[in-house]
Amino acid sequence: MKKDSTEDLAITRSLVKMIAENYKSLSLVESESFRQFIHELNPRCPVPGRRFVRQQLLSLAEGKKAALKKSLLLLPKDTTVCLTMDLWSSRKLIAFLGMTVHFVALEPEAKLESQLLAFK
2 MKKDSTEDLA ITRSLVKMIA ENYKSLSLVE SESFRQFIHE LNPRCPVPGR
52 RFVRQQLLSL AEGKKAALKK SLLLLPKDTT VCLTMDLWSS RKLIAFLGMT
102 VHFVALEPEA KLESQLLAFK
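Using the working numbering, you'd call the opening residue of the sequence shown number 2 and step up by one each time.
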């Protein structure tokens, strides 16, 4: 993939965001039907590989993590923060644990925020 094209980078960022927000598998980018779909939309657009998308997802996650830390540190000292945990297992008895933080963010307006802290 060419890394110097602004349009290609914008498309890749959009693809990574779509994969993250819709919980899609990284193998999507290796699917022949997906590659054909992208080719039909724009024949000049290169489809990034799984490793590149993984790197971009990790970078996106680090950015989100830093933003969450910053927003939590900016909360007034008397702010109540609640943690919730959920534990479940799949049909194959694989255990999962999720931890979420909940708080009222005051900027730009007061609203309840819920952010995933950990998922194992």
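Even glycine gets a Cβ: it sits at the ideal position worked out from N, Cα and C. Please read all numbers here as calculations on a predicted model, not as lab measurements.
Exercise. Is residue 13 buried or exposed, if buried means 16 or more other CB atoms sit within 10 Å of its CB?
Worked result: Around the Cβ of residue 13, a 10 Å sphere holds 16 or more other Cβ atoms; the residue is buried.
Problem set entry | Neighbourhood of residue 17 by C-beta, 7 Å cutoff - its chain only, sequence neighbours within 5 removed | So the list reads 54, 57, 58 and 61, once near-sequence residues are dropped.
Exercise. Count the other CB atoms within 10 Å of the CB of residue 48; is the residue buried (16 or more) or exposed (fewer)?
Worked result: With 16 or more other Cβ atoms within 10 Å, it is buried.
Problem set entry | Rounded separation between residue 90 and residue 96 - CA only | Each residue's alpha carbon lies about 4 Å from the other.
Exercise. For the region 43–68, which segments carrying the beta strand (DSSP E) assignment without a break, of at least 3 residues, lie completely within its bounds, in sequence order?
Worked result: Listed in chain order, there is nothing to give.
Problem set entry | residue 28: first and last residue of the uninterrupted beta strand (DSSP E) it sits in | First-last for residue 28: undefined, no H or E at that position.
Problem set entry | Reduced DSSP category for residue 76 - H, G, I as helix; E, B as strand; rest coil | When DSSP states are grouped into helix, strand and coil, residue 76 belongs to the coil group.
For this session: Mind checking which residues open and close the beta strand (DSSP E) that includes residue 153?
Result: The structure shown does not extend to residue 153, since the chain is modelled only from 2 through 121, so no value can be given for it.
Problem set entry | Distance between beta carbons of residue 29 and residue 35, contact taken as under 8 Å | Yes, they are in contact, since the Cβ atoms of residue 35 and residue 29 sit about 6 Å apart, within 8 Å.
Exercise. Who are the near neighbours of residue 116 in its chain, counting only those whose CB is closer than 6 Å to its CB and skipping five residues on each side?
Worked result: If we look at residue 116 and ignore the five residues flanking it on each side, its Cβ neighbours are 69 and 102.
For this session: Go ahead and pull the three-state DSSP assignment for residue 84.
Result: Correct three-state label for residue 84: strand.
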